[in-house]
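For reference, the structure discussed in these notes is given below.
Number of protein chains: 2
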Amino acid sequence: MTPDEFRTHGHDLIDWIADYIGDVDRRPVGSRVQPGEVRSQLPEHPPTDIEPFDAVMADVEGVVVPGLTQWQHPGFFAYFPANNSFSSILGELLSAGLGVQGMSWVTSPACTEVETLMLDWMQELLDLPDRFRSTSATGGGVIQGTASEATLVAILSARWQATDGAVNHDGDTTRLVAYATSQAHSSIEKGLRIAGIGTERTRIVPHDETFAMRPDALAEMIAADRAAGLVPFFVCSTHGTTSSTAFDPTSEIGPICVRERIWLHVDAAMSGIAALAPEFRWVNSGLEYADSYCTNPHKWMGVNFDCDLYWTADRAALLGALSILPEYLRSQAAEAGAVIDYRDWQIPLGRRFRALKLWFAIRCDGVASFREMILDHVALTQELADWVADDERYEIVAPHPLNLLCLALRADDLDTANAATDALIESANATGEALFTRTVLDGRSVLRVSIGARSTERSHVEAAWRLLQRTAPTE
Amino acid sequence: MTPDEFRTHGHDLIDWIADYIGDVDRRPVGSRVQPGEVRSQLPEHPPTDIEPFDAVMADVEGVVVPGLTQWQHPGFFAYFPANNSFSSILGELLSAGLGVQGMSWVTSPACTEVETLMLDWMQELLDLPDRFRSTSATGGGVIQGTASEATLVAILSARWQATDGAVNHDGDTTRLVAYATSQAHSSIEKGLRIAGIGTERTRIVPHDETFAMRPDALAEMIAADRAAGLVPFFVCSTHGTTSSTAFDPTSEIGPICVRERIWLHVDAAMSGIAALAPEFRWVNSGLEYADSYCTNPHKWMGVNFDCDLYWTADRAALLGALSILPEYLRSQAAEAGAVIDYRDWQIPLGRRFRALKLWFAIRCDGVASFREMILDHVALTQELADWVADDERYEIVAPHPLNLLCLALRADDLDTANAATDALIESANATGEALFTRTVLDGRSVLRVSIGARSTERSHVEAAWRLLQRTAPTE
Chain R
1 MTPDEFRTHG HDLIDWIADY IGDVDRRPVG SRVQPGEVRS QLPEHPPTDI EPFDAVMADV
61 EGVVVPGLTQ WQHPGFFAYF PANNSFSSIL GELLSAGLGV QGMSWVTSPA CTEVETLMLD
121 WMQELLDLPD RFRSTSATGG GVIQGTASEA TLVAILSARW QATDGAVNHD GDTTRLVAYA
181 TSQAHSSIEK GLRIAGIGTE RTRIVPHDET FAMRPDALAE MIAADRAAGL VPFFVCSTHG
241 TTSSTAFDPT SEIGPICVRE RIWLHVDAAM SGIAALAPEF RWVNSGLEYA DSYCTNPHKW
301 MGVNFDCDLY WTADRAALLG ALSILPEYLR SQAAEAGAVI DYRDWQIPLG RRFRALKLWF
361 AIRCDGVASF REMILDHVAL TQELADWVAD DERYEIVAPH PLNLLCLALR ADDLDTANAA
421 TDALIESANA TGEALFTRTV LDGRSVLRVS IGARSTERSH VEAAWRLLQR TAPTE
Chain V
1 MTPDEFRTHG HDLIDWIADY IGDVDRRPVG SRVQPGEVRS QLPEHPPTDI EPFDAVMADV
61 EGVVVPGLTQ WQHPGFFAYF PANNSFSSIL GELLSAGLGV QGMSWVTSPA CTEVETLMLD
121 WMQELLDLPD RFRSTSATGG GVIQGTASEA TLVAILSARW QATDGAVNHD GDTTRLVAYA
181 TSQAHSSIEK GLRIAGIGTE RTRIVPHDET FAMRPDALAE MIAADRAAGL VPFFVCSTHG
241 TTSSTAFDPT SEIGPICVRE RIWLHVDAAM SGIAALAPEF RWVNSGLEYA DSYCTNPHKW
301 MGVNFDCDLY WTADRAALLG ALSILPEYLR SQAAEAGAVI DYRDWQIPLG RRFRALKLWF
361 AIRCDGVASF REMILDHVAL TQELADWVAD DERYEIVAPH PLNLLCLALR ADDLDTANAA
421 TDALIESANA TGEALFTRTV LDGRSVLRVS IGARSTERSH VEAAWRLLQR TAPTE
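Heads up: the sequence lines are chains R and V, in that order. Residue 234 in the working numbering sits at position 234 of the first sequence; the count goes up by one each step and never skips. Residue 92 in the working numbering sits at position 92 of the second sequence; the count goes up by one each step and never skips.
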C-alpha cells in the first residue's frame with residue numbers, strides 16, 4: 001500500500017468506523033453465524049497477488065461484521081462493557097502509526113513518561129492512596145493489557161516477597177497458600193496456577209449472603225494454614241465481582257493481611273473506575289491496606305481495549321519478581337536509576353504506546369463525560385430494579401449497587417426456576433435485540449443485565465425490559 | 001468527541017501519520033531527551049475541561065515525537081526491526097473501531113475464525129509442518145502479543161505434560177529442569193521463573209563457536225539430571241538468537257527431546273519469518289521435532305506490534321495448562337467442541353481482533369513484497385560484511401546468515417577492544433544519523449547492525465558504514 005493509497009483508504013476507513021458505530025443498532029447484538037461459517041466464506045489459501053483495499057473491506061462488511069458480537073451496540077447487556085470511544089480509537093491509531101517500542105525508557109522515553117504521568121493522573125482522578133503514585137517512596141503504576149496480567153503480576157510480586165526472593169532460584173512454591181472467594185474472577189485461579197499455586201493451596205473463602213468475603217472465615221483459614229506449617233502469601237479482595245458486583249470488605253480484610261504480612265491485591269477491574277464519580281468513591285474503600293490494585297479503563301470508561309491500570313505500593317517486590325537484564329537491554333539511564341523500564345513491570349517484553357489512548361480520552365472527552373455516563377448507567381440500573389420488583393415472575397438475587405442487575409425467574413423449586421431462567425436467556429438473546437449472559441450464584445441460574453455500553457440510553461433499557469417481560473413465561 | 005469531529009480529526013491524523021512515516025528520516029533516530037524531560041513539559045495534573053484535538057496533536061508534535069526513538073527510521077539498526085506498514089495500521093484501526101472481544105468464539109465468532117485461518121495461511125506461507133495446522137489432529141495456532149508470552153505458554157504446556165497435569169493441583173515444580181543456551185532470549189529465563197522453574201533448575205547448555213547449542217552437551221546434562229532424580233521437561237532451541245542470529249541445531253536437538261520425552265520449543269521470534277522467502281526455508285530446519293514454535297510478523301514482516309504467531313503440535317497440553325471455565329464464560333458452541341476459545345490459549349482473558357492487521361497486510365501488501373524486503377535486507381547485510389572485511393580496524397565476530405552483523409573493534413587486548421567498541425557505539429549513536437545497540441558475546445563488546453527497517457535501503461546502509469568508518473579511531 002502506497003502512502004497515497006493509505007491516505008485515501010485511511011480516510012474511508014475513518015468514515016466507515018463512524019458509520020459503523022453510528023448505526024450498529026441496526027444489527028443483531030449477538031452474531032447468528034454457526035461454527036465454521038465465517039471461515040467457510042473466505043479463501044482456504046493465501047492470495048498470491050495483491051488485492052485492492054475495497055475487496056478487503058467488502059469481506060469485512062459481508063463476512064466479518066455479520067460474524068461479530070456487537071460489543072458497541074446499545075442493546076449489549078452481556079459480560080461487561082468493553083467500550084471504545086472516538087478519541088481513544090485515534091490514540092490507538094497514532095500508536096500504530098508511530099510504531100515505537102516502550103519496553104525500556106531508552107527505547108522511547110516519551111512512551112514511558114507519558115504512561116507514568118497518566119497513571120498519576122488517574123490516581124488523582126480516582127482518589128487512590130498517594131502511596132501508589134510514581135512520585136511516592138515505593139509505589140507506582142503501569143498499563144497492563146488486561147486485569148488477568150495485573151493479577152499475575154501481583155501474585156508474582158507476592159510470591160517473591162513471601163520467599164524473600166528465593167523463588168527466583170529454587171522455584172519452590174509448595175508451601176504458599178492463596179485466598180479468594182468463589183466469586184473472584186477466573187483469572188485469579190489462572191494466575192495462581194501459572195505461578196505454581198495449585199488448587200490444593202488455593203483456599204475458597206466462604207462468602208456471605210451478598211456474595212462478599214467473610215473476613216472471619218479468612219482469618220480462621222489463615223490460622224489453620226499457619227498451624228499446618230504453610231505460608232499464607234496472597235489474598236485477592238474483589239471490588240465488584242464479575243458475576244454479581246459483590247464487594248469484598250477490604251476495610252476488614254486489610255488489617256488481617258497487614259497483621260499476617262500477606263500481600264493484599266484488590267481486583268476492581270470492572271467497578272473501580274466508578275470512583276471517577278465522587279458519589280462512588282466508596283468502591284475503593286479500604287484501599288489504604290492494598291499492596292496492589294487494578295481497574296480497567298477499557299471497560300466502563302470508554303478507552304478501547306487493551307488498557308488495564310495496575311498500581312503497586314511496593315515496586316521493589318515487582319522488580320524482584322520480574323526484572324531480568326540481558327546485555328542487549330542495558331542502558332545508562334536505567335543503570336543510574338533515573339528512569340522506569342516498564343518491561344520489568346509486566347509479563348511481556350515488548351509494549352505499545354497504550355498511554356496515548358488514555359491521554360486522548362482524558363483530554364478530548366473529559367472526565368466530566370465519564371462521570372456523567374457512570375451516573376446515568378447506575379441510575380438506569382436502579383430504575384430497572386424498580387420495574388423488575390413490580391413483576392412477580394422475577395426476582396432480584398443479589399445487591400446491585402452499581403450497573404449490574406442479577407435476575408432469576410421464580411418457580412416452586414430450584415431446578416424449574418433454573419431451567420426457566422436459562423430458557424429465558426436463550427430466547428431473549430435469539431431475538432438479536434439485546435444480549436445477556438448467564439451466571440450461577442450459589443447454584444442458581446442468573447440472567448445478568450450489565451448496563452455499561454457507552455451508547456446505552458434509557459430507551460434501550462426500557463426496550464430490554466419489555467423484551468424480558470414478553471419473553472418470560474406468563475403464569 | 002462527536003462523530004463529525006472524529007471524521008475530521010481522523011482524516012487529519014491519517015495524513016499526519018503518512019507525513020510522519022514519509023519524513024521520519026529528518027529526525028534523529030535516537031531521542032536526545034533527558035530523564036524526566038518529556039513529563040516536565042506536560043501538566044502535572046489532569047485537565048478539568050475538554051481540550052481541542054489540535055492542542056493534543058501540538059503536544060504530540062512538540063513533546064512526544066522528540067521524545068521517541070524512531071523505530072521506523074531508515075537509520076534504525078538497533079535491537080530488532082519493529083516494522084509497521086500502512087495496511088496493518090489500517091487493520092489495527094479497524095480493530096479499535098469494531099471494539100469487539102475475542103476471548104471466546106461466541107464473544108465474536110469472526111474474531112476467532114479469521115485468526116485461525118490466518119495461522120493456517122501463515123503455516124502454508126512459511127512451509128511449517130502440517131501438524132501445526134488447526135485442521136490437524138492435535139495442533140493449531142494462535143496470535144500472542146509477544147514471543148515472551150508464547151514462550152511462557154510453551155513452558156506451561158510442557159509443565160502440564162511433564163506432571164500429567166498434577167501441577168494444576170499441587171503446584172509442585174521442584175523437580176523440573178529446563179535447558180537453553182546463554183544466547184537464548186531473556187524471556188526464556190523470565191518465563192521459567194514465572195512458571196516456578198528457578199535458576200537452580202535452568203541449565204545453561206554450552207554453545208559452540210557459532211554461539212549455537214551443543215547437542216552433545218545437552219544430552220549429557222539431561223543424563224546427569226535424570227541420574228540425580230530430576231525431571232528434564234523443557235528445551236528451548238533458538239532459530240536466530242537476539243545477540244547474534246545464532247541457530248541452535250534443532251535437527252540434532254529434536255531427536256534427543258523425542259527420545260527423552262521433553263517438550264521442545266523453537267523460538268524463531270526474529271528470524272523465522274525469513275521462511276517467507278523459499279531461499280531461507282532452512283531457518284526452520286528441524287521443526288518437525290518441535291512441540292511448539294513462534295515467530296513474529298511484528299518484527300521483520302511489517303505487521304505492526306503486537307503480532308506473535310504461536311503454534312503447537314499438542315493443543316491438549318495447552319488447554320490442560322490454561323483452561324479454566326467459570327459459569328459466566330460457558331457457551332453451547334464451546335461445550336460441543338465445535339469451536340476454539342482462544343482465551344484458553346493465552347495468559348490474558350480478553351483479546352483484540354489482531355488477525356485483522358495480518359489479514360490486511362497479506363492481502364494488500366502481498367507476500368511477494370515481504371519476500372523482496374527480506375532478500376534485500378539479507379543482501380545488504382552481506383554487502384556490508386564485505387565492506388567491513390576490507391577495514392582492518394574492524395572484525396566480524398559471529399556468523400551472519402541473515403540480516404544482523406556483529407562487529408567489534410580490534411585491539412591488542414580484550415579490555416582495550418571492548419572500551420573502543422563501547423565508545424564507538426556511543427559516539428555513532430550520538431550523531432542521531434543511525435542507531436545501533438550493544439551486546440556481549442563471550443565477554444566481547446559487540447556493535448550489532450540489524451538491517452531490518454522497512455524503509456532501510458542501500459543508501460542508508462552505506463551512510464551507516466561511512467558513519468562507523470569515520471567514528472572508529474584511526475591508527
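No residue lacks a Cβ here, since even glycine has one placed at the ideal position from N, Cα and C.
For the pair of segments examined, the stretch 368–379 of chain V was found not to touch the stretch 173–181 of chain R: the number of CB pairs separated by less than 8 Å stays below three.
Here V/H185 carries a coil assignment [DSSP, helix/strand/coil]. Restricting attention to alpha helix (DSSP H) runs no shorter than 4 residues, the stretch 146–179 of chain R encloses them at 147–162 and 167–170, ordered along the chain.
No residue range can be given for V/L126, since it is assigned to no beta strand (DSSP E) and is classified by DSSP as neither H nor E.
R/V461 and R/I262 have their alpha carbons spaced roughly 43 Å apart. The alpha carbon of V/R159 has as its nearest neighbour, out of V/I17, V/L126, V/T146 and V/V235, the alpha carbon of V/V235. At a beta-carbon threshold of 8 Å, the residues of chain R lying near V/G22 are P3, ordered along the chain. V/S427 is the residue among V/S427, V/V440 and V/T8 whose C-alpha sits nearest the C-alpha of V/T471. Ranked by Cα distance from V/S182, the first of V/D412, V/L441 and V/L447 is V/L441. The alpha carbon of V/D390 has as its nearest neighbour, out of V/D376, V/L407 and V/I374, the alpha carbon of V/L407. By the CB criterion at 9 Å, V/G139 and V/W345 fall outside the cutoff.
Of all residues in the stretch 165–178 of chain R, only A166, V167, N168, H169, D170, G171, D172, T173, T174 and L176 place a beta-carbon less than 9 Å from a beta-carbon of chain V. Between R/L126 and R/L276, the C-beta spacing is below 9 Å.
Around the beta-carbon of R/T474, fewer than 16 other beta-carbon atoms lie within 10 Å, marking it exposed.
V/T295 and R/E288 have their C-alpha atoms spaced approximately 43 Å apart.
Residue-level contact check: V/F211 does not touch chain R, since none of the beta carbons of chain R fall below 9 Å from its beta carbon.
Using a CB distance cut-off of 9 Å, V/Y310 does not count as an interface residue toward chain R.
Taking C-alpha positions only, V/T2 is separated from R/R343 by approximately 35 Å.
Here DSSP, grouped into helix, strand and coil, assigns V/G272 to helix. Annotation: Cβ neighbours of V/E189 in chain R (cutoff 8 Å, chain order): I324.
When beta bridges are read from the DSSP output, V/V266 appears opposite V/S237 and V/Y293. Sequence-distant Cβ neighbours of R/Q123 in its own chain, meaning closer than 6 Å and more than five residues away, are F132 and R133. Residue-level contact check: R/F360 touches chain V, since one or more beta carbons of chain V fall below 9 Å from its beta carbon. Within the same chain, and ignoring the five residues on either side of V/E327 in sequence, no residue has its Cβ closer than 8 Å to its Cβ. Under a 10 Å Cβ-count criterion, R/Q70 is classified as buried, with 16 or more other Cβ atoms of the shown protein chains found around its own Cβ.
Exclusion of the five residues before and after R/T202 leaves A178 and L192 as the residues of its chain whose Cβ lies within less than 6 Å of its Cβ. Here the C-alpha atom of R/A180 lies approximately 13 Å from the C-alpha atom of R/G254. R/Q144 is bridged by DSSP to R/D308.
For V/A423, the enclosing alpha helix (DSSP H) stretches over residues L414 to A430. Rounded to whole angstroms, the Cβ separation of V/A333 and R/P66 is 16 Å, and the two are not in contact under 8 Å. DSSP, read as helix, strand or coil, puts V/S95 in helix.
Using a Cβ-Cβ cut-off of 9 Å, R/M122 counts as an interface residue toward chain V, since at least one Cβ of chain V sits closer than that to its own.
V/S40 counts as exposed, since fewer than 16 other beta carbons sit within 10 angstroms of its beta carbon. Among the CB atoms of chain V, one or more fall inside 9 Å of the CB of R/F305. Scanning chain V for C-beta atoms nearer than 7 Å to the C-beta of R/P46 yields W121, E124, L125, I362 and V367, reported in chain order. Within chain V, A96, G97 and G99 have C-beta atoms less than 8 Å from the C-beta of R/N84, given in sequence order.
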